[in-house]
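Trainee: Could you have a look at this structure, given as structure tokens, before my questions?
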Amino acid sequence: MTWLITGGAGYIGAHVARAMTEAGERVLALDDLSAGVPARLPAEVPLVRGSSLDGELLKRVFAEHAVTGVVHLAARKQVAESVAQPTRYYRENVGGLVTLLDAVAGARIERFVFSSSAAVYGDPGADLITEDTPCAPVNPYGETKLAGEWLVRAAGRAHGISTVCLRYFNVAGAAAPELADTGVFNIVPMVFDRLTRDEAPRIFGDDYPTPDGTCVRDYIHVADLAEAHLAAARRLAGGGGTGDLTVNIGRGEGVSVRELITVIGEVTGDRRPPLVEDRRPGDAPRAVASAARAAAELGWTARRGVHEMTESAWRGWRLHHGS
Ligand SMILES: NC(=O)c1ccc[n+]([C@@H]2O[C@H](COP(=O)([O-])OP(=O)(O)OC[C@H]3O[C@@H](n4cnc5c(N)ncnc54)[C@H](O)[C@@H]3O)[C@@H](O)[C@H]2O)c1
């Protein structure tokens, strides 16, 4: 097998490239470097600089490298930006996927892993979200991921491509400091950013119907997430994966914003009390995965906890932000 990882120089893509390489898989990365950093990739992983919207380039890359499987992570991923620029999100996340799947079908590639998101569920109100919980995304980003899943499954059926859609919950941490997420879009880097500015962390709403009133999420270490991709790729390569599979990738354990800020205080030594502000529109009170299907179908379970995630993220933050 030779796997192409789109978005391979990104935060998650580089972790996937590393985990798959260390496990002995042959991989190459495609990235337009709009958010990617080539230095994140292991030295033995070739990087093709270009876009997944470029069908001619994909055709060439598939032929030149004899690609037999694709792990597709390249996408725009910021919820607020997707609300402001929905056509861009549909063009790049859904349109880009159309181009990619056409090229995959044309090259007779039969294995495809798609990077989806818990954002497909919206605010389902379930205690544990299973893959059968109805999907009702509440922003264009989540819509593009759900439409992407439909497209992946339909193309899979039409062209004999075995597919796995991985619905990631809240990703955090780093397998090594240099692989850390450098963006400030998720809660862990947002809290680090406040502390680095000598400001108290913010909690958006503490009157939700949850045990401590703050939103509850399922945090997953990016190194565990990378291993889930390896498990998905191996299932497809082993032929055990004909048809399509859709799986939640989470720990099945809820952590509230207040609890997470307490852990961050322990890790950073900065325990200043958080400021409570108004709720943000669109935040679901609770989003926690049922992790049962991933265990049953992929033989994969997350191993790393919230403390380890936060510590590794903090080491990465200090490397990149010098605090
Ligand atoms: N980070 C999270 O919490 C999270 C949660 C759920 C799902 N996801 C999904 O995981 C994937 C990776 O996310 P990430 O956090 O690593 O983001 P990222 O921005 O770090 O990585 C995306 C990579 O794709 C590249 N890219 C973007 N558009 C491209 C294109 N058209 N062609 C080629 N390369 C392109 C970027 O340069 C970047 O390197 C995305 O599909 C995202 O929607 C992320």
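FYI, UniProt numbering numbers position 299 of the sequence shown as 299, with every residue one higher than the one before it. Ideal Cβ placement from N, Cα and C applies to all residues, glycine included.
Should Asp-193 be listed as close to ligand 1, given that the test is whether its C-beta is under 7 Å from any heavy atom?
Mentor: No, since every heavy atom of ligand 1 falls outside the 7 Å radius drawn around the Cβ of Asp-193.
Trainee: Excluding the 5 residues flanking Gly-96 on each side, which residues of the same chain have their C-beta closer than 6 Å to its C-beta?
Mentor: The answer, listed in chain order, is Ser-52, Leu-53.
Trainee: Please confirm whether Ala-118 and Ala-63 have their CB atoms less than 8 Å apart.
Mentor: No, the pair does not count as a contact, with Cβ atoms beyond the cut-off.
Trainee: Would you mind sorting Glu-227 into buried or exposed? The rule is 16 or more other CB atoms within 10 Å of its CB.
Mentor: The residue is buried, with at least 16 neighbouring Cβ atoms inside 10 Å.
Trainee: Please tell me whether, using a cut-off of 7 Å, the distance from the CB of Asp-32 to the nearest non-hydrogen atom of ligand 1 is below it.
Mentor: The answer is yes for Asp-32.
Trainee: Between Gly-69 and Met-20, which are expected to be in contact by the criterion C-beta below 8 Å, what is the C-beta distance as a whole number of angstroms?
Mentor: At roughly 10 Å, the Cβ-Cβ gap does not stay under 8 Å, so Gly-69 and Met-20 are not in contact.
Trainee: Applying the 10 Å Cβ sphere with the 16-neighbour rule, what's the burial state of Gly-269?
Mentor: Its Cβ having fewer than 16 others within 10 Å, Gly-269 is exposed.
Trainee: May I ask whether a heavy atom of ligand 1 can be found less than 7 Å away from the beta carbon of Lys-59?
Mentor: Outside the cutoff, so no.
Trainee: Taking the alpha-carbon positions, what's the Gly-24 to Val-138 distance?
Mentor: Using only the alpha carbons, I get a separation of about 39 Å.
Trainee: In the DSSP assignment, the alpha helix (DSSP H) including Gly-265 goes from what residue to what residue?
Mentor: Here the alpha helix (DSSP H) through Gly-265 covers 257-268.
Trainee: Considering just the uninterrupted stretch of the beta strand (DSSP E) at Val-27, what are its terminal residues?
Mentor: Counting along the chain, the beta strand (DSSP E) containing Val-27 begins and ends at 26-31.
Trainee: Could you pull out every residue in the same chain whose Cβ sits closer than 6 Å to the Cβ of Arg-280, ignoring the five residues on either side in sequence?
Mentor: Excluding positions up to five away in sequence, the list reads Phe-204.
Trainee: Just verifying my parser: in three-state terms, what is the DSSP assignment at Asn-248?
Mentor: Three-state DSSP puts Asn-248 in a strand.
Trainee: Is Leu-298 near Arg-235, with beta carbons less than 8 Å apart?
Mentor: Contact flag set, yes.
Trainee: Please give me, in chain order, every unbroken run of the beta strand (DSSP E) with length at least 3 that falls completely inside the segment 60-144.
Mentor: For the segment 60-144, whole beta strand (DSSP E) runs of length 3 or above, ordered along the chain, are 69-72, 111-117.
Trainee: Which value, in whole angstroms, describes the spacing of the CA atoms of Ile-5 and Val-27?
Mentor: Computed Cα separation, rounded: 7 Å.
Trainee: Looking only at DSSP bridge pairs, what is Asn-186 linked to?
Mentor: For Asn-186, which the question treats as bridged, DSSP gives no partner whatsoever.
Trainee: Which of helix, strand or coil does DSSP assign to Arg-303?
Mentor: Coil at Arg-303, not helix or strand.
Trainee: Just the Cα atoms here: how many angstroms apart are Ala-158 and Tyr-11?
Mentor: Going from the Cα of Ala-158 to the Cα of Tyr-11 covers about 32 Å.
Trainee: Please confirm whether Leu-73 and Val-16 have their CB atoms less than 8 Å apart.
Mentor: It is a contact, given that the beta carbons lie within the stated cut-off.
Trainee: Are the Cβ atoms of His-229 and Val-113 separated by less than 8 Å?
Mentor: Cβ distance < 8 Å, so His-229 and Val-113 count as in contact.
Trainee: Going straight from the alpha carbon of Ile-161 to that of Glu-149, what length do you get?
Mentor: Their Cα atoms are separated by approximately 13 Å.
Trainee: Measuring CB to CB, does Ala-289 end up less than 8 Å from Gly-250?
Mentor: Contact flag set, yes.
Trainee: Just curious, the alpha helix (DSSP H) that Glu-227 is in, first and last residue?
Mentor: Note, Glu-227: alpha helix (DSSP H), 222-237.
Trainee: Have a look at Gly-173 and Glu-311 and give me their C-alpha separation to the nearest angstrom.
Mentor: If I take the Cα positions, the gap works out to 7 Å.
Trainee: Quick one: is Gly-36 buried, meaning 16 or more other Cβ sit within 10 Å of its Cβ, or exposed?
Mentor: Buried, by the Cβ-count rule.
Trainee: Tell me the residue span of the alpha helix (DSSP H) that contains Glu-277.
Mentor: Counting along the chain, Glu-277 falls outside any alpha helix (DSSP H), though it belongs to the beta strand (DSSP E) covering 275-277.
Trainee: Give me the residue from Gly-125, Thr-99, Tyr-141, Leu-100 with the minimum Cα distance to Pro-86.
Mentor: Answer by Cα proximity: Tyr-141.
Trainee: Quick one: grab the DSSP three-state call for Arg-293.
Mentor: If DSSP states are grouped into helix, strand and coil, Arg-293 belongs with the helices.
Trainee: Can you tell me whether DSSP reads Ser-162 as helix, strand or coil?
Mentor: Looking at Ser-162 - three-state DSSP - the assignment turns out to be strand.
Trainee: By DSSP's criteria, Trp-3 is part of a beta bridge. Which residues make up the other side?
Mentor: In the DSSP output, where bridge partners are listed per residue, Trp-3 has Val-27, Gly-69.
Trainee: Going by C-alpha distance, which of Arg-76, Ile-264, Phe-169 is nearest Arg-194?
Mentor: Here the closest residue by C-alpha is Ile-264.
Trainee: On the DSSP letters alone, give me the boundaries of the alpha helix (DSSP H) that Ala-14 sits inside.
Mentor: Its alpha helix (DSSP H) spans residues 11-22.
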